[in-house]
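One structure is given below, encoded as structure tokens.
4 protein chains.
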Amino acid sequence: MDIQRIIDAITAEMTAAQHRGKAADYIPALARVDPAQFGIAVVMADGRVFTAGDARTCFSIQSISKVFALSMALGKVGADLWTRVGREPSGSAFNSVVQLEHEGGIPRNPFINAGAIVVSDVVLGGGEPRETIGDILRFLRYLADDDEVQIDQEVASSEAETGFRNIALANYMKSFGNMHNVESALKVYFHQCALSMTCLQLAMAGRYLVHDGKHPGTGRQVVTAIRARRINALMLTCGHYDGSGEFAFRVGIPGKSGVGGGIIAIVPGEASIAVWSPGLNDRGNSLLGSLALERLSEATGWSVFNPPGAR
Amino acid sequence: MDIQRIIDAITAEMTAAQHRGKAADYIPALARVDPAQFGIAVVMADGRVFTAGDARTCFSIQSISKVFALSMALGKVGADLWTRVGREPSGSAFNSVVQLEHEGGIPRNPFINAGAIVVSDVVLGGGEPRETIGDILRFLRYLADDDEVQIDQEVASSEAETGFRNIALANYMKSFGNMHNVESALKVYFHQCALSMTCLQLAMAGRYLVHDGKHPGTGRQVVTAIRARRINALMLTCGHYDGSGEFAFRVGIPGKSGVGGGIIAIVPGEASIAVWSPGLNDRGNSLLGSLALERLSEATGWSVFNPPGAR
Amino acid sequence: MDIQRIIDAITAEMTAAQHRGKAADYIPALARVDPAQFGIAVVMADGRVFTAGDARTCFSIQSISKVFALSMALGKVGADLWTRVGREPSGSAFNSVVQLEHEGGIPRNPFINAGAIVVSDVVLGGGEPRETIGDILRFLRYLADDDEVQIDQEVASSEAETGFRNIALANYMKSFGNMHNVESALKVYFHQCALSMTCLQLAMAGRYLVHDGKHPGTGRQVVTAIRARRINALMLTCGHYDGSGEFAFRVGIPGKSGVGGGIIAIVPGEASIAVWSPGLNDRGNSLLGSLALERLSEATGWSVFNPPGAR
Amino acid sequence: MDIQRIIDAITAEMTAAQHRGKAADYIPALARVDPAQFGIAVVMADGRVFTAGDARTCFSIQSISKVFALSMALGKVGADLWTRVGREPSGSAFNSVVQLEHEGGIPRNPFINAGAIVVSDVVLGGGEPRETIGDILRFLRYLADDDEVQIDQEVASSEAETGFRNIALANYMKSFGNMHNVESALKVYFHQCALSMTCLQLAMAGRYLVHDGKHPGTGRQVVTAIRARRINALMLTCGHYDGSGEFAFRVGIPGKSGVGGGIIAIVPGEASIAVWSPGLNDRGNSLLGSLALERLSEATGWSVFNPPGAR
């Protein structure tokens, strides 16, 4: 299978696409990103790396960071995490608030904002935000094997200044007793969302989820094999907001999107993939990124719903 | 891999289990089923068949029928179906009504009751309920390769007599213009839920979803390969009511449960599985059936989130 | 106070009004009503009658009938009614379904559709729809002192043919055990909504609510004094769908509107008023009817929130 | 009418009552109030004052302050207020969040917490919390004609420390653009809720709503006559959380309750009444306070739904 040829063709199609969606504009740093960009990186299980388009341009990974924060939280408190956050898909933003009220302040899953804020509270433990943010940054550099990974301070500040809905969610959960330190956890949360990475760095960072939880460079388990599998399951059912079912239906690969236009996608035992294009569809997921992954799945047979022989 | 030994061990565990959940009791025919039963059948991709426990006892397949009705509807109207029903997970029964209102009478997916009633309306087309019910019965007999598959008329009648919530949903969707024939569609729906099958018949009936949509006996496509894959995706994200995320997380195999205590589970390219135990957990899925599939996944490595080599 | 002069001036203003709202069009009989019409009738506590505009034209009283049905139900089962229906305002149609689910099938109040359907079920008792409908018609003729009051059979039939949302609500409540006979109760409900009356007849029919529950013609109590007061309280808090607060705020008189464009309004001890103009505002209440009552309140000082001396 | 005899009898009944409800306990200062207390004060339109029981004991007026803050806000921005807050009843706390989401961050009315926080934001204008809090305190002293009215700093601090749900609501509205200064507005809100007053002071403070908006001591308009009437209308439809309909039904007098156990009630042109008993019913309103007002209404004929002659 000639991956390079496949992603070159995809990149050509995406670069020429007319309808590119609309980039997030709730903070200036996201609004001014050039929507014409598209990048893709594929890191194979055997270590080969393929890139095309703007695969080495940094973008704000935003909600994709929730996958890594979840991995850290599981390492810290294990299955106890699931007493504070659920594992069920959540539907629309509208529903997420209704459900939070209906279900006593327990967010539906760790990939909606409310759930990710609880995860931040867990990762923080009783610690200092500054240190926790440093831990997260070091964790990503380790996973990506790249010390250039940075947090975009402008984005972090903007998130904090405009994040009223997240502040509301955190306080709401606190009223149900499901938050320890609202202010510090939000600080961590806003910084993790501001991680700035390239497609290549992101695909590298996702390798442990391809390899049963093992960092292929160091050979150490980042998470246990069973947890790696379960994080992939969560990505499949909950990774794309209210477009998760659609993504599973069309693409069939566990993935997590962010409003910065990035998507990470994991084919267990095969490849870690990152795509990026700033324009979003009406569910808040990268329009061309989703389409590129659908094309990639068609061309390679990569889908967890394909018989292994068909891949 | 010695499947027989594995399922014998599972059956021994399930037969001895103390906590067996509570059987559905909203109609007499379900309430009087002996909760001590447990059955499992595995039909391998290569045609080998393994059974254990009460694998040849008939039970009411209930919502499992939604998988087969969906397959028929896709054959009838193709992708047009998706203008009338969504593909996103739906959360609790509470949410399903809220969402139906919020989303203008379009049910979230074909596996919640509202969605399945729309599917029945589609399968019915402009036809007669009696004929459509006959078509469904013949379809199941063909899939299972067994003319003994029956519809339990007592169950069908009881469903019709007590199904006020389903009647409400159908009329509600009609008020939004998303139903053609409320009465006939409900008749079809109540009868398809009353299909009475054994684990063995059910596992046989699921074979086309293992084989890229192809009936392995006749070699004919029941659905296209892409649709088979997508039905599996829908089962994974939406197949277990508000326990779908949990099932994906723990078991990682596309499946569909019914309140009769049955579950069908599909490992693409590997096996079609049916389990049955009448007691339900708090999400309305077979308690021991879910646990048995978790055990089976652990023992065999069957999970769409496992690297192919790990299976 | 020269009531005739006041209502003549109001009628002149309403007849000349540009913005008249939009008539209900969900059934043909309502859709073809001439929107240019406006009528008002005031029956004073001392028996004097004032009319202006189209006060003697029949219109479909629709939800106004809920006031009379409630009076009948209270006569039949007394305070037991309140175990099956609440007394709290209900917000939007959206909320009424959410609340019905949230509150276990008990409608918020007898003036939303769900509540009125329960009231119909109560008025029906174990009886025949035909007889109950006859009872309701006789009750209205007695209250209005006019044997010309009729039920519009075309409207009743149209309501039944298009009332899917009401059928849904009834079945939904049945699923919670809060309906005895869905079909018969709906038949009664659709017929009571189809009562056809003039402003004059309606204002006459409302007299008992002005006179502490007593029919001023016969001197007999239609409802007890305390119940008359409480029906008025319910009209004030719940009489205008999601515009009830607004109506209380602007007009300050207990009232009940219908989608036919009519409104009945009761000033305890002072007057029974009926207005009618087919065009509705965005909350489903007669646009000019509401405005006319606001003008009447301003001109007469009639408002339950005005000190008695200020009237 | 011998008001003193009536309220003495009521006080005797309430003092002897077995079921007294449960006092609010979310902050220590409320939790430690002796539940055995009951007080009532009636200030007649002609200036006569009647008190009984613990009418001179201070209690936390909590949400009753919303009536006075609304009066200030209307004086400050007039009808523009209604672009930021609605005038419709709101149902349960559950619904208030659902509705806030459904209606784009516009609270249903100024007497639910979200609405009162918007009102605080309006009263604050661009000012300093400290000054605004001073203004509110001076306003209450002026209305009550009593410089002893205080703000309980312990209560204000506790409210701020535990008010996560209110902080959530404020930030939530901010995310919709319906708050200017979250932190300062909340500071004002928490302090106004901490106003500590006696029944006598509270009944005195309510006099302007009896007198068409005019302070009977100074003869100056606190609010215009039409606004006084409308504030009374809002109290009737929205003054008792999800028990507003019930209170209108049973008592029929505009009123506003607080979780401190106090209720203010206004009979236009007749009397300003304050009752207090710490135990709450299941809707969060004073159990004995509500009952006492029902008794008072029965004994005096005071109800806006009674014909004037019947009072």
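Residue numbers (the working numbering), protein chains in the order written: chain V, 1055 to 1365; chain Y, 1055 to 1365; chain B, 1055 to 1365; chain A, 1055 to 1365. Backbone N, C-alpha and C define an ideal beta-carbon position, used for all residues, glycine too.
For B/Trp1330, the pairing in a beta bridge is given by DSSP as B/Gly1093 and B/Gly1316.
Collapsing the DSSP output to three states places Y/Ile1064 in a helix.
Rounded to the nearest whole angstrom, the CA to CA distance from B/Lys1241 to B/Ala1210 is 8 Å. Note on geometry: alpha-carbon atoms of A/Lys1268 and B/Glu1300 lie some 24 Å from one another. The region 1275-1284 of chain Y and the region 1075-1084 of chain Y do not touch, with fewer than three beta-carbon pairs separated by less than 8 Å.
Annotated as distal: B/Tyr1262 and Y/Arg1219, with beta-carbon spacing of 8 Å or more. Here V/Glu1213 is buried. Its C-beta has 16 or more other C-beta atoms within 10 Å. Around Y/Asn1335, the same chain offers Gly1075 and Leu1341 as residues with beta carbons nearer than 6 Å, after the five sequence neighbours per side are excluded. Counting only runs that start and end inside the region 1107-1188 of chain V, the alpha helix (DSSP H) elements of at least 4 residues fall at 1119-1131, 1147-1156 and 1167-1178. As the crow flies, the alpha-carbon of V/Ala1106 is around 28 Å from that of V/Ala1123.
A/Gly1181 and A/Val1236 have their alpha carbons spaced roughly 13 Å apart. Residue burial annotation: B/His1265 is buried, with at least 16 other C-beta atoms found within 10 angstroms of its C-beta.
Excluding the 5 residues flanking it on each side, B/Leu1197 has same chain C-beta neighbours closer than 6 Å at Ala1259, in chain order. Comparing alpha-carbon positions, the option among A/Ile1205, A/Gly1231, A/Gly1217 and A/Arg1184 lying closest to V/Thr1216 turns out to be A/Gly1231.
Contact of Y/Arg1219 with chain B by beta-carbon distance below 8 Å involves Asn1225, Tyr1226 and Ser1229.
In this chain, Y/Gly1299 is not harboured by any beta strand (DSSP E); it is covered by the alpha helix (DSSP H) spanning Ser1298 to Arg1304. At a beta-carbon threshold of 9 Å, the residues of chain Y lying near B/Ala1222 are Ile1221, Ala1222, Leu1223, Ala1224, Asn1225, Tyr1226, Met1227, Lys1228 and Ser1229, ordered along the chain. Of the other Cβ atoms in all chains shown, 16 or more fall within 10 Å of the Cβ of A/Gln1091; this residue is therefore buried. Look at Y/Gln1058 here: in three-state DSSP terms it is helix. Between A/Asn1339 and A/Ser1311, the beta carbon gap of about 4 Å places them in contact (Cβ cut-off 8 Å). Of Y/Gly1145, Y/Pro1322, Y/Thr1186 and Y/Gly1314, the smallest CA-CA separation from Y/Thr1291 is found for Y/Gly1145. Shown here for Y/Thr1069: same chain residues with a beta carbon closer than 6 Å to its own, the five before and five after excluded, namely Phe1092 in chain order. Under the Cβ distance rule, A/Ser1340 does not count among the residues neighbouring chain B, no pair being separated by less than 8 Å. Around the beta carbon of A/Asp1100, fewer than 16 other beta carbons lie within 10 angstroms, which makes this residue exposed. Two segments are said to touch when three or more pairs of C-beta atoms, one from each, lie closer than 8 Å; by this definition the region 1128-1143 of chain V does not touch the region 1109-1118 of chain V. Put simply, of V/Leu1084, V/Ile1064 and V/Asp1108 the residue whose alpha carbon is nearest the alpha carbon of V/Ser1344 is V/Ile1064.
Take the alpha-carbon of B/Ile1285 and the one of A/Glu1157: they are about 30 Å apart. When rounded, the separation of the alpha-carbon atoms in B/Arg1141 and B/Asp1062 is 36 Å.
Within the same chain, Cβ atoms closer than 6 Å to the Cβ of B/Ala1095 are found at Thr1105, Ala1109, Cys1253, Leu1254, Ala1257 and Ala1328, the five residues on either side in sequence being excluded.
Using beta-carbon distances, A/Ser1298 counts as an interface residue toward chain B, with a partner under 8 Å. Contact check for V/Phe1303 against Y/Leu1288 passes: the beta carbons are separated by less than 8 Å. Per the C-alpha coordinates, the member of B/Pro1308, B/Arg1059, B/Leu1084 and B/Gln1246 positioned closest to B/Glu1185 is B/Gln1246. For the options Y/Met1251, Y/Phe1359 and Y/His1073, the alpha carbon positioned closest to that of V/Val1321 is the one of Y/Phe1359. Each residue's CA atom was taken as its position, placing Y/Ile1160 and V/His1073 some 26 Å apart. Distance from the Cα of Y/Gly1293 is smallest, within the candidate group Y/Ser1331, Y/Pro1164 and Y/Arg1086, for Y/Pro1164. Neighbours of A/Glu1142 across chain B, judged by C-beta separation under 8 Å: Pro1143, Gly1145, Asp1296, Gly1297, Ser1298, Gly1299 and Glu1300.
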